[in-house]
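Single-structure report; data block below.
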Amino acid sequence: MNSIRCSRSRAPAFRRSRGTLPVCFPAAMAPSRRADPFVSIDVDGVGSLLAVAVLGGRQTRPGIKLGICGEHGGDPTSVHFCEQLGLTYMSCSPYRVPIARLAAAQAALGTRSRLRTTVA
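Using full-length UniProt numbering, read the sequence shown as starting at 1 and increasing by one per residue.
As structure tokens, this is what we get:
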């Protein structure tokens, strides 16, 4: 039977269990009822973790390419947030591409749209 091995990087391992998550990252565990967490990034919780990861990655390797994939890449609010973080790319499902491209253009120009997306 073949087993999958993770390659070891030079960076130290970062491991936390679900039990230690509320203690280490209380903002990530705070209830947020503003939007569906599977569609839009919770800026105060997950967004703060993303900011730490981007900052650490850029300090370690300035030219690193960072991005997100999934439905968050097609949400206008998440696209604007990722633009502020300086992510290199975003990807999403094909039906969300037009809205994602419009949101990315608006974020690059520094404008904010009132366009909202809904998922059935």
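Note that CB positions come from ideal geometry on N, CA and C, so glycine has one too. This structure is a prediction, so every number in the text was calculated from the model and none was measured.
| query | result |
| --- | --- |
| What residues in its chain sit with their C-beta under 7 Å from that of residue 103, if we drop five residues either side in the sequence? | 76, 79, 80 and 113 |
| Could you check whether residue 67 and residue 131 sit closer than 9 Å to each other, using their CB atoms as the reference points? | Outside the shown range of the chain, which is 1 to 120, sits residue 131, and nothing can be said about it. |
| Measuring CA to CA, which of 87, 106, 97 and 94 is closest to residue 58? | 87 |
| Would you kindly report the start and end of the unbroken alpha helix (DSSP H) that includes residue 99? | 97 to 109 |
| Rounded to whole angstroms, what is the Cα-Cα separation between residue 84 and residue 50? | 11 Å |
| What span of residues does the beta strand (DSSP E) with residue 69 cover, start to end? | 67 to 69 |
| Going by the DSSP bridge assignment, what does residue 91 pair with across the sheet? | 69 |
| Going by beta-carbon coordinates alone, are residue 71 and residue 48 separated by less than 9 Å? | no |
| If you reduce the DSSP assignment to three classes, tell me which class residue 35 lands in. | coil |
| Where do the N-terminal and C-terminal ends of the alpha helix (DSSP H) with residue 78 fall, by residue? | 76 to 85 |
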